Amino acid sequence: MSARPLLIAIAILFALVVIVMPVAVIFARAFAEGFGVWLAAVSEPETRSAIMLTIVTALIVVPINIVFGLCAAWAIARFRFPGRRVLLVLIELPFAISPIVAGLCFLLVYGAYGPVGGALQPYGIQLMFNLAGIVLVSLFVTCPFVVREVLPVLSVAGEDEERAALTLGASGWQMFRFVTFPNITWPLVYGAILATARAIGEFGAVSVVSGAIRGQTMTLPLQIELLYNDYNTTGAFAAATVLAFLALITLVLRGLIALVHPVRGAAT
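Position 218 of the sequence shown, counted from 1, bears residue number 217 in numbering that gives the first Met the number 0, the numbering being contiguous throughout.
Structure, rendered in structure tokens:
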């Protein structure tokens with residue numbers, strides 16, 4: 000008997016039990032009392048504030064990640080310098096360290112009693128328990144994604160085309176715009192989508208540095224936990240469907256890009 004049908008059945012069963020069923024239950028519970036109840040739940044001021052804060056955080060974090068990812072990938076792929084391997088390890092660090100631990104580290108460094116936060120305190124600058132703290136930890140947990148997508152493509156592409164462009168009189172900007180950027184456009188978009196998904200769904204690190212102030216520093220994942228702990232299951236499941244919907248959008252975009260523009264040498 001061939002093992003192929005068995006392996007396919009195991010994979011499908013695993014996906015159904017671990018992924019499809021939990022998501023389906025969330026949507027079923029959220030709309031169990033009707034669309035009107037769901038709409039009222041997601042229209043609550045605190046939930047709307049959490050949705051907006053989550054979107055604003057992603058809109059800030061992702062462009063910064065794109066710039067950092069391009070610079071880091073370019074430096075690693077095109078230059079040989081002391082500490083290059085260390086930089087590669089540091090970029091991968093957010094995948095290895097617990098988000099809770101990361102949040103605690105940021106709190107100890109940038110909090111009011113930390114070396115950086117304490118130095119800024121006399122000037123009235125506070126980096127924790129506000130949007131700045133949420134953005135900082137979100138940058139930490141999302142920083143590897145763009146680099147991991149762009150770096151392999153830059154490494155495979157090599158430097159011959161870029162050198163030829165420079166030899167023909169192109170400036171550095173023209174070389175990047177017309178030679179390098181077309182090669183990394185879709186890996187860059189792909190990495191940005193992954194970073195967006197992580198920024199939207201991050202819970203652990205944000206829970207440490209946000210202060211969990213209702214209506215002010217509650218992102219959507221934190222708001223879901225708060226509603227559930229308050230036994231407001233209708234509101235919790237309604238908010239969860241919004242988060243799931245945002246995540247599904249990023250996954251669909253990722254799938255479409257992978258289908259239409261396969262990323263050569265991608266790390267994922």
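All residues carry an ideal CB built from backbone N, CA and C; glycine is no exception. From a predicted model like this one, the values you see are computed outputs, not experimental measurements.
Looking at C-alpha atoms only, which residue of the options is the closest neighbour of residue i?
{"i": "R77", "options": "V205, I54, E160", "result": "E160"}
{"i": "L69", "options": "N182, M217, L247", "result": "N182"}
{"i": "R47", "options": "L221, T249, L252, L250", "result": "L221"}
{"i": "R28", "options": "R253, L250, T233, V251", "result": "T233"}
{"i": "L34", "options": "L255, F236, F177", "result": "Correcting the residue identity first, residue 34 is Phe in this sequence and not Leu. Nearest option by C-alpha distance: F236."}
{"i": "N129", "options": "I18, Y227, Q215", "result": "Q215"}
{"i": "V145", "options": "V241, L187, I90", "result": "L187"}
{"i": "A111", "options": "T249, I223, L165, V208", "result": "V208"}
{"i": "L135", "options": "A72, Q120, V205, T179", "result": "V205"}
{"i": "P62", "options": "S137, S42, L250", "result": "S137"}
{"i": "E43", "options": "L250, I223, V88, V251", "result": "I223"}
{"i": "L103", "options": "L119, I59, M127, A39", "result": "M127"}
Go through its chain and collect everything with a Cβ distance to residue i's Cβ below 7 Å, but skip five positions before and after it.
{"i": "A243", "result": "V22, I25"}
{"i": "R263", "result": "With a pLDDT of only 49 at R263, under 50, the local geometry of the prediction cannot be trusted, and the value read off the model is given with reservation. Answer for R263: V152, V155, listed in chain order."}
{"i": "A246", "result": "A196, I199, G200"}
{"i": "F30", "result": "W37"}
{"i": "I90", "result": "A71, C142, P143, V146"}
{"i": "L252", "result": "I192"}
Considering only the beta carbon of each residue, do residue i and residue j sit closer than 7 Å?
{"i": "I99", "j": "G171", "result": "no"}
{"i": "I65", "j": "A191", "result": "yes"}
{"i": "I133", "j": "T56", "result": "yes"}
{"i": "Y109", "j": "G117", "result": "no"}
{"i": "L150", "j": "I75", "result": "yes"}
{"i": "V41", "j": "V241", "result": "yes"}
{"i": "L167", "j": "M174", "result": "no"}
Near residue i, what residues of its chain come up, given a Cβ to Cβ distance below 8 Å and the 5 sequence neighbours on each side ignored?
{"i": "A257", "result": "Y189"}
{"i": "N228", "result": "none"}
{"i": "P93", "result": "A101, F139, V140, T141, C142, P143"}
{"i": "M217", "result": "E45, S48, A49, L52, S209, A211, L225"}
{"i": "A8", "result": "none"}
{"i": "E158", "result": "R77"}
{"i": "S97", "result": "G203"}
Within a Cβ cutoff of 6 Å, which residues of the same chain sit near residue i, ignoring the five residues on either side of it in sequence?
{"i": "G113", "result": "L107"}
Checklist entry - Contact between the segment 11-20 and the segment 175-192: three or more CB pairs below 8 Å? => result Taking one beta carbon from each stretch, the segment 11-20 and the segment 175-192 have fewer than 3 pairs nearer than 8 Å; the two do not touch.
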